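Read the structure below first, then the notes.
Structure representation (structure tokens):
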């Protein structure tokens, strides 16, 4: 019996070392990870495709590696290398293993204090903030159902960017004749590096959202990027997010984020005097509304074009998606288009759709649902308009009563001292 137990332990150690060796070798590379279902394979087998940087780990092999990693992780005499390897296997097995995630945080803080420079080249380092960031990118963009929607992994990525802000400046591509160095942070190159990083980060988030539909934590992470870490990322988002939402019409999380983004853009409107002076003293100075350096009128025209594209797609290609109409209701009723002519155009077009003959008995269920959604939207819009009109009438009536009372004669009475 003891020989069998020893053989099992050697098998678990062997498969653990295989997994740890692969990730250590490719610690600077983004790899594709896939957990394969249970089926008969050799005890220590994992599939590695070096040409495309991909690894496939059968569940049976991952379970054996997890058994060894758990004992090694809680061993007080473990080395730094053992901590990194065992915590990685624990996270691959369970993305909510907060103890393993916190252990990696503590190790990074002990090696690289916050807000201090760190090496991007990890040739002579087992772990750096950049290798940890790259590992998270690999995990969050791989077809791992639980990992792509793990709140702890997204929070760990947010912590990395907050603790080590220079991660937003990606390392240069190493050349074969020179050793890699830190990227230039001159004012001329920083903006380009930041835009490149932003586009890569958006791609990472959208891949994770595509792998796991309704990925609330990925979209929450993107909100944090916009509000706290990189506010300048906003102009890069609109076209990509609109395109993604159209391709994933039933994903309510994506539509909710897009509505939030458009409302945020409206709140960022600023007013400034026109650069051209008035032609006469009697002519008032023109005030221009701008959003992120662009004229508000141009932004409204662009958003109107995008909304028309979304509505036509819903009407002609993918009808009956309630999540899309939640987005339309948000942006129209909450004032994204202000009181501009675009609001009237949108309402008139929807009224024209609602006036069309009702789909016949042979119409698909999605077509009937689309008509119901259009009618519900118009009914909700009419009720909001009526409520606003009643509130305005009540306010005007109250103001008139106040004026009348103020004009009445009041009798003056001498009060005793």
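In the working numbering, the protein residues as written are 6 to 422.
Just so you know, even glycine gets a beta-carbon here, dropped at the ideal spot from N, CA and C.
None of the values given here were measured: they were computed from a predicted structure.
From the DSSP output, which residues share a beta bridge with residue i?
{"i": "residue 41", "result": "63"}
{"i": "residue 299", "result": "296"}
{"i": "residue 138", "result": "Paired residues: none, contrary to the question."}
{"i": "residue 275", "result": "295"}
{"i": "residue 222", "result": "Bridge partners of residue 222: none, in fact."}
{"i": "residue 387", "result": "Paired residues: none, contrary to the question."}
{"i": "residue 304", "result": "None; residue 304 has no bridge partner."}
{"i": "residue 53", "result": "60"}
Only counting the same chain, and skipping five residues up and downstream in sequence, which positions put a Cβ closer than 7 Å to that of residue i?
{"i": "residue 379", "result": "355, 358, 359"}
{"i": "residue 271", "result": "340, 341"}
{"i": "residue 98", "result": "67, 71"}
{"i": "residue 335", "result": "264"}
{"i": "residue 151", "result": "100"}
{"i": "residue 158", "result": "100, 141, 144, 145, 152"}
{"i": "residue 260", "result": "250, 328, 329, 331, 332"}
{"i": "residue 221", "result": "258"}
{"i": "residue 268", "result": "339, 341"}
Identify, in the order they occur along the chain, each residue of the same chain with its Cβ nearer than 8 Å to the Cβ of residue i, setting aside the five sequence neighbours on each side.
{"i": "residue 200", "result": "241"}
{"i": "residue 183", "result": "Residue confidence is low: residue 183 scores 43 on pLDDT, short of 50, so the model does not pin down where it sits. No coordinate-derived value is stated."}
{"i": "residue 139", "result": "32, 33, 34, 35"}
{"i": "residue 226", "result": "159, 162, 163, 210"}
{"i": "residue 262", "result": "224, 227, 228, 246"}
{"i": "residue 119", "result": "168, 169"}
{"i": "residue 370", "result": "325"}
Applying the 10 Å Cβ sphere with the 16-neighbour rule, what's the burial state of residue i?
{"i": "residue 11", "result": "exposed"}
{"i": "residue 44", "result": "exposed"}
{"i": "residue 8", "result": "exposed"}
{"i": "residue 256", "result": "buried"}
{"i": "residue 111", "result": "exposed"}
{"i": "residue 134", "result": "buried"}
{"i": "residue 79", "result": "exposed"}
{"i": "residue 275", "result": "exposed"}
{"i": "residue 197", "result": "exposed"}
{"i": "residue 128", "result": "exposed"}
{"i": "residue 114", "result": "exposed"}
{"i": "residue 311", "result": "buried"}
{"i": "residue 223", "result": "buried"}
{"i": "residue 132", "result": "buried"}
{"i": "residue 252", "result": "exposed"}
When you compare each of the options to residue i by their alpha carbons, which one comes out closest?
{"i": "residue 88", "options": "21, 320, 314", "result": "21"}
{"i": "residue 374", "options": "325, 389, 213", "result": "325"}
{"i": "residue 351", "options": "383, 86, 389, 361", "result": "383"}
{"i": "residue 160", "options": "385, 114, 230", "result": "230"}
{"i": "residue 386", "options": "196, 77, 46, 331", "result": "331"}
{"i": "residue 30", "options": "388, 90, 84", "result": "90"}
{"i": "residue 149", "options": "315, 212, 75", "result": "212"}
{"i": "residue 247", "options": "232, 266, 238, 120", "result": "266"}
{"i": "residue 102", "options": "85, 156, 371", "result": "156"}
{"i": "residue 362", "options": "377, 219, 349", "result": "377"}
{"i": "residue 55", "options": "74, 28, 69", "result": "28"}
{"i": "residue 94", "options": "117, 24, 294", "result": "24"}
Leaving aside the five residues before and after residue i along the sequence, list all residues of the same chain whose C-beta is less than 6 Å from its C-beta, in chain order.
{"i": "residue 304", "result": "296"}
{"i": "residue 323", "result": "254"}
{"i": "residue 48", "result": "16"}
Nearer than 8 Å: is that true of the beta carbon of residue i relative to any heavy atom of the ligand SAH?
{"i": "residue 315", "result": "Looking for the ligand SAH in the displayed structure turns up nothing, as the structure carries no ligands at all."}
| Are there three or more Cβ pairs, one per stretch, closer than 8 Å when the stretch 36-47 is compared with the stretch 11-19? | With a cut-off of 8 Å on Cβ pairs, the stretch 36-47 is not in contact with the stretch 11-19, counting fewer than three such pairs.
| Are there three or more Cβ pairs, one per stretch, closer than 8 Å when the stretch 54-63 is compared with the stretch 155-171? | No, the stretch 54-63 does not touch the stretch 155-171.
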